[in-house]
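Engineer: Quick one: this structure, given as structure tokens, is what I'll be asking you about.
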Amino acid sequence: MRQIEKKFELRAAIFKALANPLRLVMLEKLAEKPWCVCALAEELQVDKSIISKYLTQLKAAGLVDDTRRGTLVEYRLVAPCILQVASCAEETIMEHRRRLFEGLEDERNEPR
């Protein structure tokens, strides 16, 4: 039973890492190419310390990795399949909105 719990704890850690809009944007940027903290901070117009902290969290979750080149550290996405979760979320949002809209239409069309 403990092994099953550990599996779900690890999954939860990944979802926790995804539970921030800026980290999601960062993952999409990292899917395009490797980025250093300074360039990513400039691109997203966010303080370097925040980018660095979030990259550390994404790395701890196993979603990104880094490569050192002298004093430069570049981060890259190592789990591109994680972007499928974002696509699934978008599809879920659209479906939810569609059902809500249909519900509103049904209410309008009901005789009074």
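The opening residue of the sequence shown carries number 7 in the working numbering; numbering runs sequentially from there. The beta carbon of each residue, even a glycine, is placed where N, CA and C say it ideally should be.
#1: For Lys65, tell me which candidate among Ala25, Arg82 and Val52 has the shortest Cα-Cα distance.
#2: Output the distance between the C-alpha atoms of Val79 and Ser93, rounded to the nearest integer angstrom.
#3: Are the beta-carbon atoms belonging to Leu89 and Leu33 less than 8 Å from one another?
#4: Do you know how far the Cα of Leu69 is from the Cα of Ala25?
#5: Determine the extent of the alpha helix (DSSP H) in which Val70 is found, giving its start and end residues.
#6: Compute the distance between the beta-carbons of Leu16 and Val43, then report whether it is under 8 Å.
#7: Which partner residues of Cys42 appear in the DSSP bridge assignment?
#8: Rounded to whole angstroms, what's the CA-CA distance from Asp53 to Cys87? Just pull it up for me.
Structural biologist: In brief:
#1: Arg82
#2: 29 Å
#3: yes
#4: 13 Å
#5: Counting along the chain, Val70 falls outside any alpha helix (DSSP H), though it belongs to the beta strand (DSSP E) covering Val70 to Arg75.
#6: no
#7: Glu80
#8: 28 Å
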